[in-house]
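Numbering (the working numbering), first residue to last: 1 to 348.
Yeah, the Cβ is synthetic: ideal placement off N, Cα and C, and Gly gets one too.
Taking it in order: structure first as structure tokens, then the write-up.
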Amino acid sequence: MTDLRQIHFATILLIICSLGSSGSLTVIAVGDVMMGSDYPSLNLPANLGRDLFGNVADTLRSADLTLGNLEGVLSEGGSCTKNPEKGRVYAFRTPPVFTRNLADAGFDFMNLANNHMNDFGAQGIRSTAWILSEHGIEYGGPEGKIGIFEVDSVSVAIACFATSPGADLIFDIPAAQRKIGRLAEDHAIVIVSFHGGGEGLGFLHTRDTFEYFLGQPRGNVVAFARAMVDSGADFVWGHGPHVPRAMEIYKHRLIAYSLGNFCTWGLNISDERGYAPILRVVMDSTGVFNHGKVISAQQSPGQVLFLDSLHAAASLITRLSASDFSGSAPIIADDGTISIRADEGDLP
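Written out as structure tokens, the structure is:
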């Protein structure tokens, strides 16, 4: 298996030239996106949700690639595979017309590999995939579906993993490593998206242990994320816990263990569940983390997203990173700017 960091020096020079004088790739990633649901009851924002991203759209559009995690399906009708009348069982179906909001806000890619991908079975997945494609938005998540992009002639692959049927699973780490290793041989930059870990305030902290939630396995996200970097991933982007979690620098690559909720209309967004960090990541041409920023946004019940001048999301991620990964946490300034520590600056 060829490690991405072993690419021949001449190839690296070619990639640097093709990426331009800066030799960098800028990615923006956010957490869960659910723009409202018409199932099991009508709970949709006004004006077809066209105002949801208005305060943050300029930020979302400021990267080479902008990525989000889509909770639920974009579909009309269909049969739900769940029983929402049971306690703590949720299903989401957003009208397809809302897809325009994602495109207008600048999203290039949506992850579907999560516990809501199958809410309306195969029909819901087909409808979601079709309407995203019609709006020029790439997607990944149904088992084997990879997002592929060309940025200034440089190939970028996005692979998605989850804990749910029909997706590549985070439980099978050796299989995931083989997949990422193959992608790293064929693509200059590999990004891994995963939906895993426990949910809610009880899971703010990230531990190197196998997690469960409501009796369901949610994986060891630390072991999984680090194994992906070991196999050639350049940026690992997590979501699922509905709260932000820590970040770490591992082998000069950034791992974000959860970006929490981003735009989750009608859900419980009190306390840290309303924090909506926008993560900007700048990598060099080989995928090494250069710098970044946690841009703090927030949700409020019945309101559209707004930028937070008090930087609450960045402050939380700073505290969690220092607590959970003291030896490998990045430096995060008060305004959310991310940099590497002096002892991380030299490549081995």
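Within its own chain, the residues whose Cβ lies closer than 6 Å to the Cβ of C160, once the five positions on either side in sequence are excluded, are N111, A113, G140, G141, S193, listed in chain order.
Straight through space, the alpha carbons of A188 and T286 are spaced by roughly 7 Å. Between I191 and the set N43, R50, V236, the nearest pair of CA atoms involves V236. DSSP places P217 outside any alpha helix (DSSP H); the residue lies instead in the beta strand (DSSP E), whose first and last residues are 216-219. Between the alpha carbons of F210 and N47 lies a distance of about 42 Å. Under the 10 Å beta carbon count, E150 is surrounded by fewer than 16 other beta carbons and is classified as exposed.
As the crow flies, the alpha-carbon of L316 is around 27 Å from that of L102.
Per DSSP, the beta-bridge partners of C263 are V33. Residue pairing of D284 in beta bridges, as defined by DSSP: S24. For I189, the uninterrupted beta strand (DSSP E) segment begins and ends at 189-195.
Annotation for A103: the continuous alpha helix (DSSP H) segment containing it runs 99-105. Shown here, L112 sits in coil according to DSSP, grouped into three states, outside any helix or strand. Here the C-alpha atom of Y90 lies approximately 20 Å from the C-alpha atom of R126.
When DSSP assignments are scanned along the segment 293-320, no uninterrupted stretch of alpha helix (DSSP H) that is 4 or more residues long falls wholly within it. Taken through DSSP and simplified to helix, strand or coil, P244 comes out as strand. Per DSSP, A57 is one residue of the alpha helix (DSSP H) stretching across 57-60. Of the other Cβ atoms in all chains shown, fewer than 16 fall within 10 Å of the Cβ of P174; this residue is therefore exposed.
With 16 or more other Cβ atoms inside 10 Å of its own Cβ, Q299 counts as buried.
Contact check for P96 against I131 passes: the beta carbons are separated by less than 7 Å. Annotation: the segment 116-172 contains the following complete segments of the beta strand (DSSP E) (minimum length 3 residues), in chain order: 138-140, 147-151, 154-161.
Non-local C-beta neighbours of G54 in its own chain, meaning closer than 7 Å and more than five positions away in sequence, comprise V304, ordered along the chain. Proximity of the segment 263-280 to the segment 216-223 falls short of the contact definition, fewer than three beta-carbon pairs being nearer than 8 Å.
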